[in-house]
Structure formats: structure tokens, C-alpha cells
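Trainee: Below is a structure I'd like to ask you about.
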Amino acid sequence: MTNMELGNPGRPKARSLENIFDDLRVLAQSPGTLHDISAIMYRDWIVAIDLREAKVADDPEKRWSTTKLNSNEFMLLLGLMVQSASDCTYSIVNTDIDFADKADRLLREFHDRLTLDSMPDFSDPGKIERALGAAAREAIYYGADSFFLHQLERFARDRYRDDFEWLIRNAGLSARPMVEIARFIMEHTSRQMSAINARKEDGTVPTKADLTDSLLIAKAELIKKFGASKAKAFMAKFATPVTNANANFTSAFVVNQANLAPLIDIGEHLYAPNAYRLAESVYESPTYWMIADKTYVDIAAKHRGAFLEKAAADLFRSVFRTANVYENVTIQPSKKKTAGEADALIVYGEFVIVVQAKSKRVTLTARAGDEEALNKDFEGAIQAPYRQAYEFAELVQAGAECKTKDGKALIFPPTVRVFPAVILSDAFPAATFLSNIMLKRSDRIAPVIWDLGVLDCVARMLPTPIEFLYYLKCRSDVFDKMHSDSEYNFLGYHLKYKLAMDPEYDFMHLEKDFAEIVEDFMMPRDVGVKTVRPVSILERLDIPVISELFKSLKTAPPELASVVIDLYDFSYGSLTDLSKTVLAIREEVAAGKEMKSFSILTETGGLTYLACRTLNDKIWLAAEAIGQKHKYDSKRDRWYVIVDDISTSAPVDAALPLVEKWHEDADLAENSRKVDELFKTKWQPRAILPRHQKNGPKLT
60 MTNMELGNPG RPKARSLENI FDDLRVLAQS PGTLHDISAI MYRDWIVAID LREAKVADDP
120 EKRWSTTKLN SNEFMLLLGL MVQSASDCTY SIVNTDIDFA DKADRLLREF HDRLTLDSMP
180 DFSDPGKIER ALGAAAREAI YYGADSFFLH QLERFARDRY RDDFEWLIRN AGLSARPMVE
240 IARFIMEHTS RQMSAINARK EDGTVPTKAD LTDSLLIAKA ELIKKFGASK AKAFMAKFAT
300 PVTNANANFT SAFVVNQANL APLIDIGEHL YAPNAYRLAE SVYESPTYWM IADKTYVDIA
360 AKHRGAFLEK AAADLFRSVF RTANVYENVT IQPSKKKTAG EADALIVYGE FVIVVQAKSK
420 RVTLTARAGD EEALNKDFEG AIQAPYRQAY EFAELVQAGA ECKTKDGKAL IFPPTVRVFP
480 AVILSDAFPA ATFLSNIMLK RSDRIAPVIW DLGVLDCVAR MLPTPIEFLY YLKCRSDVFD
540 KMHSDSEYNF LGYHLKYKLA MDPEYDFMHL EKDFAEIVED FMMPRDVGVK TVRPVSILER
600 LDIPVISELF KSLKTAPPEL ASVVIDLYDF SYGSLTDLSK TVLAIREEVA AGKEMKSFSI
660 LTETGGLTYL ACRTLNDKIW LAAEAIGQKH KYDSKRDRWY VIVDDISTSA PVDAALPLVE
720 KWHEDADLAE NSRKVDELFK TKWQPRAILP RHQKNGPKLT
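Letter by letter, the sequence shown follows residues 60 to 759 of our numbering.
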């Protein structure tokens with residue numbers, strides 16, 4: 060493998076990881092490193108928020124640049140710097156400008172080495188299959204962030220609520236003051252950084268020392284604001300000494316103390332160059348403190364699980380309402396046997412989301428590329444919960460009775476549609492990538508694998524049951540064919556264009572800039588700016604009749620959700636054609652016909668649309684008969700009837716779901732024949748079809 064295949068033949072071939080790491084250590088412990096790290100932070104990590112427009116103001120070239128250091132690379136430099144025994148790393152300001160260039164070159168070489176290690180060896184037929192561990196190591200190290208800063212703060216408050224006494228006794232403060240102190244530090248440095256940027260706009264060029272000063276906060280400020288006890292307890296847990304620290308950080312894939320305690324202790328001040336990592340540490344680190352206490356580890360695990368299940372259920376309730384979300388649901392074929400259990404079950408009409416919640420992280424051994432450890436971590440966090448969710452879903456579809464934790468029986472229609480969902484409490488780096496290559500799953504149902512941050516974001520950006528369910532369907536449809544490094548890229552693409560693939564294509568890769576619409580909504584909230592939810596492509600549709608129909612059906616009873624999902628799946632051209640057909644039959648009714656209908660096939664069933672001059676019992680019976688006839692003739696399990704009384708302004712005046720498994724029946728066949736005679740129904744070739752079909756019938 061040569062660097063030609065990495066796309067840049069000008070680069071020298073990457074050396075071993077050990078040699079590169081050694082050179083990075085030398086560089087990170089050179090005079091003035093701390094100030095050079097400040098300059099890199101300003102170069103790569105400043106995000107400009109337009110407070111008036113409530114959106115990210117950075118230009119796209121800077122925002123999506125692949126040359127910026129990611130969090131792991133940035134913290135690697137910081138972790139190596141604090142190993143130095145000399146204060147020259149911060150007491151001296153190096154006026155040379157080549158530190159960043161050297162760091163970029165070494166870290167680029169480091170990335171090249173990881174990439175080369177993950178590629179197949181075409182010179183050896185026995186090694187053509189790339190090593191899973193090496194591929195995963197690269198993907199994990201450079202994986203996209205998942206949680207937004209304000210989410211970390213919000214969830215951290217609740218995550219350790221039940222561990223209050225242990226934290227007070229062993230850490231000196233509970234979760235809430237941890238979050239409050241971290242937020243205070245972030246706001247303090249943010250004001251100072253804004254002042255630096257204001258000076259830049261006035262034409263003043265700040266020195267590296269100025270940049271560092273803007274990232275400092277006096278310990279006395281924390282003590283004054285929060286009291287000596289809490290402030291000192293916080294610093295003891297989240298600050299790393301500026302020298303003679305982090306001695307065990309001997310590889311990029313072992314514990315980096317600077318990651319766990321990202322504030323750097325410089326005498327009377329704390330250096331806070333990475334607010335996001337500080338918020339992450341507040342959310343994550345207490346778990347590790349409690350795990351180390353063997354007398355408390357089981358209690359801590361129980362509390363983590365309870366937090367995750369409740370947090371996930373609450374987020375689903377924000378979309379589907381309390382009455383449709385059940386926690387700890389079981390399937391029991393007998394009193395002595397439990398066949399399946401779901402942490403949460405969301406029931407909305409024909410749709411059931413089976414949720415398994417897991418608080419399992421990627422271990423350092425797996426991050427280093429150990430395949431056995433990676434497989435074990437993936438099994439515990441994703442594979443096993445997916446298997447549980449899928450098996451539960453199969454039982455639901457087979458007609459098994461579910462019981463809620465208070466003994467209520469849940470019965471589902473025979474045409475139930477299920478989505479297995481795995482929800483994680485922590486970001487599982489590269490979960491999207493790893494699931495594509497590692498997950499053993501049914502060809503029939505692809506899962507969603509989200510952490511709480513993604514679930515929270517989707518729930519806010521798709522806040523109605525129909526929108527949420529349709530996105531689940533789309534995400535499942537493209538699970539194998541459309542790849543990306545972040546779930547936010549999928550969500551952003553869906554909001555802009557609708558998450559779908561042309562059947563002529565076998566594969567599609569989404570770049571990170573598709574997440575722009577998501578970040579514009581979520582990132583301003585990190586600094587307390589409220590944002591307006593972006594309008595999705597389906598909400599932006601402006602097609603006569605169809606737009607009004609969608610708006611009406613979105614708030615219709617849950618029993619009609621399935622037909623809306625199927626209609627959403629139609630292409631723009633097909634929906635336009637459908638609009639013309641509706642307008643045409645309305646005109647015929649307005650011209651004197653008592654009623655006129657047409658019926659179409661959808662992906663999972665069909666629809667009869669009937670326009671009439673006046674809706675009465677006779678019309679309603681006719682509409683139902685026509686729907687039953689086409690359902691039987693087309694051998695569909697589900698069919699929907701919509702009646703439009705043209706004398707009203709409503710696009711839907713009545714609707715009826717016909718949902719039962721199709722079976723051959725002499726009476727239904729005779730009914731079909733009679734409806735043919737009575738209403739003179741016939742088949743006409745017509746292409747009003749879902750996005751993935753080329754041609755097919757329209758029924759009238």
C-alpha cells in the first residue's frame with residue numbers, strides 16, 4: 060500500500076505509530092506549547108454563533124474543513140504537554156509560528172498510518188480482508204461527536220440524581236454543582252474569547268499570550284462563586300497539573316488523564332481550552348469513580364440503567380404523548396415464563412417501536428483495535444439489545460400479548476409494523492459505521508441505533524408521531540445502502556431532501572456538511588440562544604390538495620398513520636400526479652356526479668379516495684364497499700378509505716382503516732363482483748407510485 064492510494068503522492072510514507080507518537084511528545088513538551096495549543100484552539104475550535112439569526116455563522120469552508128484537529132487529536136497534544144517536568148511549556152511564549160505546522164504534519168501522518176493499517180493488503184491474497192480492529196480503531200478515533208454541549212449538561216443533572224449521597228461522600232459535591240461550575244467556567248472564558256475577537260475586528264492582532272489569557276479563570280473566582288468546599292472538590296476531580304502528570308499516557312489508545320480532567324491547573328489559575336470536553340467529562344467521569352468502588356458498582360449500574368430508561372421514555376413521550384409510551388413491557392406466554400422484555404414500547408396505531416436501552420461504552424482495549432474486545436463491547440452495547448428488540452418485535456407481529464408493568468394487556472392489530480431501536484446512554488464512537496459492518500441482523504427489519512443525544516435531537520426536529528415514524532422507516536430502508544460517519548448527516552439529508560435512494564444506485568455516502576441544518580438548530584442552544592425548528596421537505600411541499608391532505612392526516616387518529624407514511628414515500632412527481640387525479644374527480648362531482656372515487660396501491664397496502672357532494676350513510680357504505688373490494692382484489696392486508704365532501708373546506712371529512720390479514724373468502728369475492736356491477740369499477744394502467752417503483756396500476 061502506498062500513499063498514492065491515500066490520494067496524495069507527495070506525502071512521505073507514514074512511519075510506525077510509536078515513532079510518530081514519540082515525535083508528538085517531543086513537540087508537545089517544547090517551550091511555549093501551552094500558548095501554541097491556545098492558538099490551535101482559536102484556529103480550529105472557535106464556533107461563531109450569529110445571535111440575531113440564531114445560527115452558526117462560520118463559512119462552510121472553515122466549518123467543514125478536514126484539516127482541523129478533532130477532539131482526540133487536540134487532547135492528545137494537551138495530554139503529552141502535561142507530562143513535562145519543566146514549566147517552560149507555559150512560562151515561555153514561543154514566537155515561532157511552526158508549532159501548528161509541525162503538529163498538523165505529525166497528526167496527518169498519524170492518521171495516514173491508521174488508515175493504511177485498516178486497508179487490505181493486496182500483495183497477500185490471504186490478507187485481502189482488512190482487519191476489523193484496525194478499521195474500527197481509525198473510525199472510532201476520528202468519529203464525529205454526538206451530544207451537543209447543552210445536552211450533556213441537561214442529562215448530567217439527571218444521570219447521577221440517585222447517586223447524590225455517594226457523590227457527596229466520595230467526591231465532595233453532587234452532579235448539579237458540577238454542571239453549574241462547568242457552565243460558569245465556559246461562560247467566563249466565552250466572554251473573554253469574545254473580547255479577543257472584538258479586538259481582531261478592530262484590527263488588533265492578539266499575541267499567543269493574549270489567547271491563553273482568554274482561556275484562564277482564577278481559582279478565586281470559583282471559590283467566591285461556589286464556596287471553597289465545592290470549588291476545591293470540583294478542581295480535584297476535573298483539573299490536571301500542568302507538569303509531571305499523566306505519566307501512563309504512553310499511547311494514543313490508553314487512558315489520557317487530560318481527557319478525564321480537561322482543566323489544566325496552573326497555580327492560581329485554571330486553563331480551560333476545551334469546554335466541550337469539560338462538559339463531556341462531567342457527564343461521563345462520575346461513572347468511572349463509582350465503578351472503582353466495588354461496594355457500590357452494582358448500585359451505580361442500577362441507577363444508570365434506570366436513568367437511561369426514564370430519559371429515553373420521556374423523549375419518546377415528548378413526541379408520542381404519555382398514553383402511547385409504556386415502560387418495562389413483557390411478553391409472557393405463560394405465568395412461569397417470560398419470552399421477552401422491552402425497556403419501552405411506543406404504540407401508535409399499527410406502529411410499535413421496541414426500545415432496548417443500554418449504558419455500555421467502548422473500552423480502551425477496543426479503541427486500540429483489539430478485535431476480541433471490540434466484538435465484546437459491540438455485542439454488549441448494540442448486538443445483544445438489537446437481538447432482544449428484534450425477537451420481541453417478532454413476537455408482537457406473531458400476535459403475542461404484551462403486559463405493561465402495571466398488568467395492562469396490549470393487543471395489536473394483525474398488520475402491526477415494528478421498529479427495533481437501541482438507545483445508548485453514552486456516545487458509542489463510530490456506532491453508525493460499526494453497525495454497518497458488524498451487526499448481525501434480520502434482512503427484514505433494520506434497527507435504529509442512537510444515543511440519547513441523537514434521540515433528543517430527532518425528537519425536537521421531528522416532533523410529531525408521523526414525522527418521527529416516517530424517519531424511522533426511511534432510516535431503516537437505507538440502513539445498508541447509505542453510509543455516513545454521523546446520524547446527524549442522515550437527519551440533515553432527510554430534512555432537506557427526504558432520506559431515500561434511487562433504485563438505480565447501490566450505495567451512497569453522506570458527507571458531514573449535510574448536518575449543517577441540524578447544527579444550526581442545536582448549536583446556538585449551547586450558548587442559550589433559542590432557535591426555530593427548520594421546516595422539513597415534507598412540510599415545504601406545495602402541491603394542491605396533497606399539502607392540505609398531509610396537514611390534515613398528520614393530526615388524524617393513530618389508526619391512519621400507516622397511510623400517511625405510505626403517501627410520504629411517493630415521489631414529488633407521483634404526488635403531483637395524485638393531486639391532478641383528486642382535482643379531476645372533484646370537478647366531476649362538482650359538475651353533477653353524486654360521487655367519484657379512485658384507488659391506488661401503496662408500498663404496504665392501498666388507498667381509496669372518494670369525493671362526494673354530500674357525505675351521508677349511503678356514501679359512507681359505498682366508500683367502504685369500494686375499499687373492501689380493492690383490498691380483496693389486490694390481496695392486501697391493509698387498505699384505507701378517505702372521503703372528501705366537496706361542500707366542506709376540509710380535505711378529509713371521514714376516514715376508515717381496513718386492516719386485517721388478507722385471506723381467500725367466497726363472500727368477499729362475491730362482494731367484489733357486486734361492487735363491480737354496481738359502481739362499474741375498472742383497472743386503468745397508471746403510474747401513481749411510491750418512489751422506488753417504476754410502474755403499476757391505478758384502480759378506479
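Virtual Cβ for every residue (Gly too), placed ideally from N, Cα, C.
No experiment lies behind these values; they were computed from the predicted model shown.
Quick one: grab the DSSP three-state call for A615.
Mentor: coil
Trainee: For I350, name the three-state secondary structure that DSSP assigns.
Mentor: In the three-state scheme derived from DSSP, where H, G and I count as helix and E and B as strand, I350 is classed as helix.
Trainee: Look at the alpha carbon of S658 and the alpha carbon of G408, and state the distance between them as a whole number of angstroms.
Mentor: 22 angstroms
Trainee: Determine the DSSP secondary structure at A574, reduced to helix, strand or coil.
Mentor: helix
Trainee: Give the range of the alpha helix (DSSP H) segment to which H689 is assigned.
Mentor: Where H689 is concerned, the enclosing alpha helix (DSSP H) stretches over D676 to D692.
Trainee: Could you tell me the boundaries of the alpha helix (DSSP H) in which P300 lies?
Mentor: Per DSSP, P300 lies in no alpha helix (DSSP H) segment; the continuous beta strand (DSSP E) that holds it begins and ends at A298 to P300.
Trainee: Quick one: give me the first and last residue of the alpha helix (DSSP H) that Q447 is part of.
Mentor: A443 to Q456
Trainee: Whose C-beta lies closer than 6 angstroms to the C-beta of T248 among residues of the same chain, with five residues either side of it excluded?
Mentor: Answer for T248: L274 and A331, listed in chain order.
Trainee: With a CB to CB cut of under 6 angstroms and the five nearest residues on each side skipped, what residues in its chain are close to Q447?
Mentor: Q415
Trainee: Check the C-beta distance from A73 over to E224 and give it rounded, since I have them as a contact under 8 angstroms.
Mentor: Actually they do not touch by this definition, with Cβ atoms about 51 angstroms apart.
Trainee: Identify every residue that forms a DSSP beta bridge with M567.
Mentor: By DSSP's assignment, M567 forms a beta bridge with M541.
Trainee: Let me know the secondary structure DSSP gives N387 once reduced to three states.
Mentor: strand
Trainee: Can you name the start and end residues of the beta strand (DSSP E) that P119 belongs to?
Mentor: That residue, P119, is in no beta strand (DSSP E); its alpha helix (DSSP H) goes P119 to R122.
Trainee: Buried or exposed, going by whether 16 or more other CB atoms sit within 10 Å of the CB of I187?
Mentor: For I187, the predicted structure reports a pLDDT of 42, less than 50, and the residue's modelled location is therefore unreliable. A value from the coordinates is still provided. The residue is exposed, with fewer than 16 neighbouring Cβ atoms inside 10 Å.
Trainee: If we count the other Cβ atoms within 10 Å of its Cβ and call it buried at 16 or more, is P583 buried or exposed?
Mentor: buried
Trainee: In three-state terms, what does DSSP make of H722?
Mentor: coil
Trainee: Apart from the five residues just before and just after F573, which ones in its own chain have a Cβ nearer than 6 angstroms to its Cβ?
Mentor: Cβ neighbours of F573 within its own chain (closer than 6 angstroms, five residues either side excluded): N548, G551 and Y552.
Trainee: Can you give me the C-alpha to C-alpha distance between W123 and S253, rounded to a whole angstrom?
Mentor: 22 angstroms
Trainee: Thinking just about the alpha-carbon of each residue, which of V513, P524, Q687 and P488 is nearest to the one in S130?
Mentor: Checking every option, the nearest Cα to that of S130 belongs to P488.
Trainee: Thinking A615 and S656 are a contact (beta carbons under 8 angstroms), I'd like their distance in whole angstroms, please.
Mentor: Not a contact, Cβ separation roughly 19 angstroms.
Trainee: Tell me whether the beta-carbon of T523 lies closer than 8 angstroms to the beta-carbon of K613.
Mentor: yes
Trainee: Ends of the alpha helix (DSSP H) at G262?
Mentor: Counting along the chain, G262 falls outside any alpha helix (DSSP H), and DSSP gives it neither H nor E.
Trainee: Which residues in the same chain have their Cβ closer than 6 angstroms to the Cβ of S595, if we skip the five residues on either side of it in sequence?
Mentor: If we look at S595 and ignore the five residues flanking it on each side, its Cβ neighbours are L554.
Trainee: For the candidate residues L166, E526, A559 and A486, whose alpha-carbon lies nearest to that of S764?
Mentor: Outside the shown range of the chain, which is 60 to 759, sits residue 764, and nothing can be said about it.
Trainee: Between the Cα of V591 and those of D585, M520, R476 and S484, spot the shortest distance and give me the residue it belongs to.
Mentor: M520
Trainee: Taking a contact to mean a Cβ-Cβ separation below 8 angstroms, would you say I701 touches F738 in this structure?
Mentor: Cβ atoms of I701 and F738: not closer than 8 angstroms.
Trainee: Using C-beta distances below 7 angstroms, list every residue in its chain close to A370, excluding the 5 sequence neighbours before and after it, in chain order.
Mentor: So the list reads F214, D217 and L511, once near-sequence residues are dropped.
Trainee: Figure out for me which residue from V238, P265, L433 and E239 has the closest Cα to the Cα of Q251.
Mentor: P265
Trainee: Since V700 sits in a beta bridge, which residues does DSSP pair it with?
Mentor: T667 and L715
Trainee: Which whole runs of the beta strand (DSSP E) in the region 70-137 are 3 residues long or more, in chain order?
Mentor: none
Trainee: What's the gap between the Cα of Y391 and the Cα of V711?
Mentor: Position check: residue 391 holds Gln in this sequence, whereas Tyr was assumed. So the alpha carbons of these two residues sit roughly 40 angstroms apart.
Trainee: Grab the span of the alpha helix (DSSP H) containing K555 for me, first residue to last.
Mentor: K555 -> alpha helix (DSSP H) spans E546 to Y556.
Trainee: Does the Cβ of S484 have 16 or more other Cβ atoms within 10 Å, making it buried, or fewer, making it exposed?
Mentor: buried
Trainee: Mind checking which residues open and close the alpha helix (DSSP H) that includes K283?
Mentor: K278 to F285
Trainee: Quick one: Cα of D696 to Cα of E662, how far?
Mentor: The alpha-carbon atoms of D696 and E662 are separated by roughly 11 angstroms.
Trainee: Checking 8 angstroms against the spacing of the C-beta atoms, do K296 and S344 come in under that value?
Mentor: yes
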